[in-house]
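What follows is one structure encoded as structure tokens, with my remarks underneath.
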Amino acid sequence: MSRLLYAFCLLLTACAGAGEQRLTLTRAGSFPPGLSESSGLAVHKGGFVSHNDSGKPAELFVLDHRGALLRQVPVSAPNRDWEDMARHGNTLYLADTGNNGGRRRDLRILALSLTGEGASAPVLLPVSYREQDNFRPPRHQHNFDAEALAWVNGELWLLTKRWLDQHSAIYRLTPDAAPLSEWQRLNTGMLVTGADFDAASQTLLLVGYSRGLLDRRAFVWLYPVRHNRVVEAAGKRFRLSESGQFEAIALGPDGHLYVSREGRGAQLFRSRLPLTRLLAAPDSEE
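Written out as structure tokens, the structure is:
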């Protein structure tokens, strides 16, 4: 029976990969030892800022363009489960919205800025979902884990990691503390773990991976945004040339995509082609 199951899983894996575009990555560098679970990535002064997820100290890592450490900055709010970050101007937004168990009632976004002295005291923006009425589901048997955050045309978008169907729901954050309502849902076919937005091309960038038991494949989606809605039918899906648990994505200062992977030395990767070329590519392998 185990051999039959193995063969069946291989067949499903082969079918899932048929016709997908490929996005070739090159290794940009390795993160410092203290950043073993890079879960968020944002551009900062020609380099990047990153952070760990749950179980690690509440601090930011300021990095150069190759992922080398420039400084560590403590944050005066606990890291319950930081999962992504977004930047607008001088403000960084940290998504403390990791919710694998589906039981958290203290989800929030931290808004802060980096200074020469460190980090400002964060402003806390509470997060709750209007659709959630069960706070005791079996682990990974719910749709209210959120691990992707992006600043899109003047507002924050929080995107969920829907364990039950591998879709992603978009929630637009409002200034008040009212529960969030689903704005749009995307059939991504992956567990979404990171996001960024390119204002110049009006493109939403998503990274994530499959729930495969034998091979954790990683993907990037490029979606056009029009009138603050995703044009899902025009999205481009790329399978990454590397597999594993990719957790964060950012459009670098050089116009290339940068993605981070947990474990395996915690590495930073760069797309071989810039975003403009990826958007112009026909529906064939890159």
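As numbered in mature numbering (1 follows the signal peptide of the UniProt record, and there is no 0), residues -18 to -1, 1 to 268 make up the sequence shown, in order. Where is the CB? At the ideal position from N, CA and C, for every residue including glycine.
Buried versus exposed call for residue i [16 or more other C-beta atoms within 10 Å across all chains shown]
i, result
"GLN123", "exposed"
"PRO56", "exposed"
"GLU244", "buried"
"PHE117", "exposed"
"ALA132", "buried"
"SER183", "exposed"
"SER95", "exposed"
"ASP115", "exposed"
"ASP158", "exposed"
"SER242", "buried"
"ASP35", "buried"
"GLY190", "buried"
"ARG259", "exposed"
"THR175", "buried"
When the options are compared against residue i, the one with the closest alpha-carbon
i, options, result
"HIS209", "VAL134, ARG121 and ARG118", "VAL134"
"GLY28", "LEU76, VAL44 and PRO60", "VAL44"
"ASP181", "ALA200, ASP115, ASP197 and LEU257", "With the sequence shown as reference, residue 181 is identified as Ala, and Asp is not the correct amino acid for it. Of the candidates ALA200, ASP115, ASP197 and LEU257, the one whose C-alpha sits nearest the C-alpha of ALA181 is LEU257."
"ARG69", "ASP178, GLN249, ASN61 and SER150", "ASP178"
"PRO120", "HIS26, PRO235 and GLY83", "GLY83"
"LEU255", "GLY234, LEU140, SER242 and GLU129", "GLY234"
"LEU173", "VAL212, ALA230 and GLN114", "ALA230"
"THR142", "LEU96, LEU74 and ASP66", "ASP66"
"ARG112", "LEU162, GLU137 and GLN184", "LEU162"
"THR185", "ALA200, ARG211 and THR175", "ARG211"
"GLY194", "TYR205, LEU138 and GLN227", "GLN227"
"LEU188", "LEU17, SER18 and GLY22", "GLY22"
"GLU99", "VAL213, GLN54 and GLN148", "GLN54"
"THR79", "GLY71, TRP64, ASN72 and ARG85", "TRP64"
"ARG85", "ASN125, GLY71 and SER58", "ASN125"
"ARG62", "GLU129, SER102 and VAL202", "GLU129"
"GLN148", "THR156, PHE201 and SER102", "PHE201"
"THR156", "SER150, ARG167 and TRP139", "TRP139"
"ALA215", "GLY37, SER223, ARG167 and SER102", "ARG167"
"ALA103", "ASP236, THR97 and SER58", "SER58"
"TRP203", "ALA160, ASP236, LEU250 and SER150", "SER150"
Nearest-angstrom beta carbon gap, residue j and residue i [assumed within contact, 8 Å]
i, j, result
"ASN81", "ASP127", "4 Å"
"HIS26", "LEU76", "So it is not a contact: roughly 13 Å between Cβ atoms."
"ALA248", "SER18", "5 Å"
"TYR153", "TRP145", "No, TYR153 and TRP145 are not in contact; Cβ-Cβ is about 16 Å, not under 8 Å."
"ALA101", "THR73", "The pair is not a contact, with the Cβ atoms about 11 Å apart (cut-off 8 Å)."
6 Å Cβ shell around residue i - same chain, five flanking residues per side excluded
i, result
"ARG252", "THR8, ALA10, HIS238 and TYR240"
"VAL31", "ALA24, LEU42 and VAL44"
"PRO60", "ALA40"
"residue 270", "Absent from the model: residue 270. The displayed extent of the chain is -18 to 268, so no value can be given."
"ARG(-16)", "At ARG(-16) the pLDDT is 43, less than 50, meaning the model places this residue with poor confidence; the figure from the coordinates comes in the next sentence. Answer for ARG(-16): no residue qualifies."
"GLY71", "none"
Chain-order list of residues whose beta-carbon lies under 7 Å from that of residue i (same chain, five-residue window excluded)
i, result
"SER192", "MET172, ARG198 and ARG199"
"ALA160", "none"
Same chain, Cβ closer than 8 Å to residue i, five either side skipped, listed in chain order
i, result
"VAL213", "TYR205, PRO206 and VAL207"
"SER223", "ARG4, LEU5, THR6 and LEU7"
**OP:** Count the C-beta pairs between the stretch 3 to 12 and the stretch 207 to 224 that are closer than 8 Å, then say yes if the count reaches three, no if not.
**Re:** yes
Original post:
Three or more C-beta pairs closer than 8 Å, one from the stretch 103 to 117 and one from the stretch 78 to 93: is that the case here?
Top reply: yes
**OP:** Say whether the stretch 48 to 67 touches the stretch 13 to 20, bearing in mind that this needs 3 or more beta-carbon pairs closer than 8 Å, one atom from each stretch.
**Re:** yes
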